[in-house]
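In what follows, a structure is listed as structure tokens, so that the remarks can point back to it.
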Amino acid sequence: MMPSVSDFGHRKAAFRYALYGALFGCCFPIISTVADLHIQHLPCNSTTILAAQGAQPLHWIIDSAPFFLGLFAFLAGRRQDQIFRLNALLEDRVAERTAQLVQSHEQTEEREVLLKEIHHRVKNNLQIISSLLDLQARYIEDAEVLTMFKESRNRIRSMGLIHEKLYQSEDLAWIDFSAYVHSLVDVLVDSYSMGAGTVTFNTQIEVENLDIDTALPCGLIINELVSNALKHAFPDGRGGEIHIRLHARDDGKQVLTVRNNGVSFPADLDFRRTESLGLKLVTSLANQLRASIDLDRSDGTEFSIVFSMPTQS
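Numbered per my numbering, the sequence shown spans residues 289 to 601.
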């Protein structure tokens, strides 16, 4: 009996579903199950699909494994490539940044060496000027002029000490002010050796470091006030004490105090309007620091200079 056209169409459809099932069954078992149900003329709903798949769970797992393993391998490969590219990019950036830091460090070291050399040369030049003043002073017979030369030399020495301490310092922006003050006192004691042996010094530098813009005017102020005390506060070899203190107040301001227990500063003399070059310098340097300056004559002479300074980083 010859097959009818409808039978032929049914077989063709069955073959097509079977082929689809063979192609996609290994990847999507549910497609294979639906195709089988159509071939067997069984209803295709959730109940029959679950029943058909439940009858062969191992077949579902085995057929699905290659697809999911392949998909996982594909995604993992793409992710690995992205990670490799990202790592390469990060390594390039790290290498570039490292090279920049090395170059910056080398430039910083070079600048520090040059700055040290500048301080060293400034110190040497100031020493030469001081020595020239000493040589010239030997030919001066006028006592007043000789005193002026000595005071000028001491001012130059006080500035030279700043550059010497900076040259010796590891941090070129800050100076050990306590060591500086002790060295300055030695210079002044040596300069005013006539009667300086009977005068004792008490230094209390509680602020460890000062920047050069603060240390230089403070050093010159100390030089002027101590020189003034050695010249006028202890006449005729009289003994006494000179106190130098630098400390921080609770409000963060710094207080520089220079006090002596010798002859008090004249009550009728206004230090802000005196003709003394040294006291004019003290007032000018205090203005440079934007500082207030007060004088206490109650027990000897005490100058107090109050100022602000930048914080050390």
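Virtual Cβ for every residue (Gly too), placed ideally from N, Cα, C.
Backbone secondary structure at residue i - three-state DSSP
i, result
"G527", "coil"
"F553", "coil"
"T486", "coil"
"S596", "coil"
"D584", "strand"
"A579", "coil"
"V572", "Residue identity check: residue 572 is Ser in the sequence provided, not Val. Of the three classes helix, strand and coil, the one that applies to S572 here is helix, per DSSP."
"A387", "helix"
"F372", "helix"
"D558", "coil"
"E563", "coil"
"A521", "coil"
For residue i: DSSP bridge partner residues
i, result
"L476", "Paired residue(s): none; L476 is not in a bridge."
"R547", "H531, E590"
"D499", "W462"
"T491", "I532"
"Q542", "A536, F595"
Cβ shell of residue i (< 8 Å), same chain only, five flanking positions each side left out
i, result
"E439", "S515, L565, G566"
"L414", "I444, R445, M447, G448, H451"
"A467", "K453"
"Y480", "S515, L518, K519"
"I493", "F465, S466, V469, I532, R533, L534"
"L421", "F437, S440, R441, I444"
"R367", "none"
"Q424", "F437"
"T562", "K568"
"D430", "none"
Residues near residue i in its chain [Cβ-Cβ closer than 7 Å; skip 5 each side]
i, result
"V433", "none"
"A484", "Residue confidence for A484 is low, a pLDDT of 46 falling below 50, so the modelled location carries little weight and cannot support an answer."
"P505", "L573, Q576, L577"
"V495", "F465, L534, H535, A536, Q542"
"H408", "Y455"
"N497", "W462, I463, D464, F465, Q600"
"P598", "D499"
"S552", "R585, G588, T589"
"N490", "E529, H531"
"L472", "S446, L449, G507, I510, N511"
Close Cβ partners of residue i (< 6 Å) along its chain, the five nearest in sequence each way excluded
i, result
"R547", "H531, E590"
"R560", "T571"
"D584", "E590"
"L311", "Interpretation of L311 is limited by its pLDDT of 48, a score under 50 that renders its predicted location unreliable; no figure is taken from the coordinates."
"D582", "S592"
"S580", "V594"
"I417", "I444"
"T488", "E529"
Which residue spans inside the segment 396-473 form an unbroken beta strand (DSSP E) run of at least 3? List check, beta strand (DSSP E) in window: 462-464.
Is it a yes or a no for the segment 576-595 touching the segment 536-544, going by three-plus beta-carbon pairs under 8 Å? These segments touch.
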